[in-house]
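I have placed the structure first, in the form of structure tokens, so that the comments after it can refer back to it.
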Ligand code: DQA
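In this note's numbering, the protein residues as written are 6 to 148.
Dropping the structure here:
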């Protein structure tokens, strides 16, 4: 089992700034992740929330269950020390993903407070970032 967790505003994919995030919807993203997981022999559970407390709760769940996580923290990436502290409790692999390339965008997006507690980060490949993350996760798990 792998969690693919998504932070605020990602439910709005498709209508939200399509020039930045593309035309595909969150349901398209869910379908893509589940299908990629199936190809890799992994059961993938995809969740999204706009609520920091709910996301922190899911990270606690993952920490207790030693469940690998692919995480797009969305705007929480840049300022949520609560999320970072929750992630630091985990032992299973964690891959940070972004649809856009935050390093090529506004200054405030250049800082990730979660990157240092992630196994690695994949950013800038559109929804394909999640596919690459799931493949990397499959390799990590099978090591
Ligand atoms: C994002 C990048 C963040 O800066 C932004 O706040 C998001 C989405 C991405 O996937 O490109 O909501 O995480």
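Think of the CB as a built atom: it goes at the ideal place given N, C-alpha and C, for glycine as much as any other residue.
Keep in mind that this is a model prediction, so the values were computed, not measured.
Skipping 5 residues on each side, what residues in its chain have a beta carbon closer than 7 Å to that of residue 138?
Taking the first residue of the chain shown as position 1, residue 138 is located at position 133. The answer, listed in chain order, is 75, 100, 102, 127.
State the Cα-Cα distance for the pair residue 5 and residue 119, rounded to the nearest angstrom.
In this structure the chain extends from 6 to 148, so residue 5 is not present and cannot be described.
At the level of alpha carbons, what is the spacing between residue 43 and residue 114?
As a position in the chain shown, residue 43 is number 38, starting the count at 1. As a position in the chain shown, residue 114 is number 109, starting the count at 1. Their backbone Cα atoms lie some 33 Å apart in a straight line.
Any heavy atom of ligand 1 closer than 6 Å to the beta-carbon of residue 127?
Here residue 127 corresponds to residue number 122 of the chain shown, with the count starting at 1. No.
By DSSP, does residue 127 sit in helix, in strand, or in coil?
Translated into positions along the chain shown, residue 127 becomes position 122. Correct three-state label for residue 127: strand.
Under 6 Å from any heavy atom of ligand 1, does the C-beta of residue 100 make it?
Counting from 1 along the chain shown, the entry for residue 100 is found at position 95. Incorrect: residue 100 has no Cβ contact closer than 6 Å to ligand 1.
What residue from 15, 81, 10 has the CA that sits closest to residue 64's CA?
Taking the chain shown and counting its residues from 1, one reaches residue 64 at position 59. Measuring from the Cα of residue 64, the nearest candidate turns out to be 10.
Less than 8 Å between C-beta atoms, sequence neighbours within five positions excluded: which residues of the same chain meet that for residue 50?
As a working mapping, residue 50 is identified with position 45 in the chain shown. Closer than 8 Å at Cβ, skipping near neighbours: 6, 7, 8, 9.
Look up residue 53 in the DSSP assignment and give the residues it is bridged to.
On the chain shown, position 48 is the one that residue 53 refers to. Paired residues: 11.
Which two residues bound the contiguous alpha helix (DSSP H) that contains residue 44?
For this step, residue 44 is matched to residue 39 along the chain shown. Note, residue 44: alpha helix (DSSP H), 31–45.
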